[in-house]
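A short worksheet on the structure shown next.
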Amino acid sequence: MKPADTTNHIDSTDMATPNYTPQLQAFQQVVESRRSVRRFTDTPIPDAVLADCLRLAMLAPNSSNLQPWEFYVIDSTAKRELAVKNCMGQNAAKTAARLIAVVARTDNWHEHAQQVLREYPTQPVPKKVKNYYTKVVTMDFIRGPVNALSVAKWSATQVVRRVKGPIKSPYYTFDDVKNWATNNTALGAENLMLALRAHGFDSCPMGGFDEPAMKDLLNLSVDHHIVMMIGAGERADNGIYHSQFRFDQQQFIHYV
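If you're matching positions, the sequence shown starts at 836 in my numbering and goes up one per residue.
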């Protein structure tokens, strides 16, 4: 897949401010018109469009810019057939123009920390930044064989809290790191779905799939975690199963 032309960015002079919101209406339309579409037409998604959507997906916020995500576009006919089967034959997978596995990685944080330093926009890298990625990030993630260092990290954290006050909890277990990776990757998935909608296409995030079978199909390791499958394409007339509704927002919003 060829990368999309990324030169068409918003001019800084057209950037929204609290008193100037030129993109607000368009953004509202994108968010409000996004639906989980279950059936798609035969209209293909051009490679350039998909590449731009994936580029926008990877502009999502993520912890320390470590970018633990990967996106597997399943275009092979044979793999696509098996992937649909692994998605329980859902219409959103079966009729999608493109089927994408959104994957979180728990094994590349150290490699990505080093890559950040190599590609940091200011060279030489400021000492504070270098120390953060070589020391703070390492202490945050490292657990040692069979979590041998986690007990020491936990004890040190309790001491700091008592002496100096609040401190960010490091990652003590494999599940801690997995939660970190999947949370960050889900942000990228949302960007992807909104980008597809802005390009006139739709999507459906699917959690109903056989993850072990899908990981085998994509040759993924124990350090890869499929956060969701996304079916994407042009919305069919019968692609939305019911009107959109949400619970009263006051049920979820608390001012404290």
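Glycine included, each C-beta is placed from N, C-alpha and C at the ideal position.
Which of the three DSSP states, helix, strand or coil, is assigned to residue i?
| i | result |
| --- | --- |
| alanine 936 | strand |
| serine 1038 | strand |
| methionine 850 | coil |
| glutamate 1069 | coil |
| serine 1078 | coil |
| methionine 1064 | strand |
| lysine 1089 | Checking the sequence shown, residue 1089 turns out to be histidine, not lysine. Reduced to three states, the DSSP call for histidine 1089 is coil. |
| valine 788 | Summary: the structure shown does not reach residue 788, with the chain confined to residues 836 through 1091, and so no result is reported for it. |
| valine 872 | coil |
| phenylalanine 906 | strand |
Does the beta-carbon of residue i, which I'm using as the reference point, lie nearer than 7 Å to any heavy atom of the ligand ZN?
| i | result |
| --- | --- |
| glycine 1035 | Ligands in the displayed structure: none, and consequently the ligand ZN is not present. |
How many Å lie between residue i and residue j at the Cα?
| i | j | result |
| --- | --- | --- |
| asparagine 1018 | proline 1005 | 15 Å |
| glutamine 993 | alanine 948 | 26 Å |
| aspartate 887 | proline 1047 | 30 Å |
| lysine 970 | lysine 963 | 10 Å |
| tryptophan 944 | asparagine 1073 | 43 Å |
| valine 908 | alanine 936 | 7 Å |
| methionine 1028 | valine 951 | 26 Å |
| glutamine 860 | valine 866 | 10 Å |
| glutamate 905 | leucine 1053 | 12 Å |
Hey, residue i and residue j are a contact pair by Cβ (cut 8 Å); roughly how many whole angstroms apart?
| i | j | result |
| --- | --- | --- |
| glycine 1066 | cysteine 1039 | 5 Å |
| aspartate 982 | threonine 1008 | Reading the sequence as shown, one finds asparagine at residue 982 and not aspartate. Rounded, the Cβ-Cβ distance is 6 Å, consistent with contact. |
Take residue i as the anchor and find which of the options has the nearest alpha-carbon.
| i | options | result |
| --- | --- | --- |
| alanine 1071 | Arg870, Leu859 and Ala861 | Arg870 |
| phenylalanine 1080 | Met1028, Pro853 and Ser868 | Ser868 |
| valine 1057 | Ala939, Ser899 and Gln860 | Ala939 |
| glutamine 864 | Val986, Ala1033 and Ile880 | Ala1033 |
| aspartate 1010 | Pro879, Gln958, Asp942 and Met1064 | Asp942 |
| threonine 878 | Glu1069, Ala991 and Ala1021 | Glu1069 |
Please classify residue i as buried or exposed, where buried requires at least 16 other C-beta atoms within 10 Å of its C-beta.
| i | result |
| --- | --- |
| proline 903 | buried |
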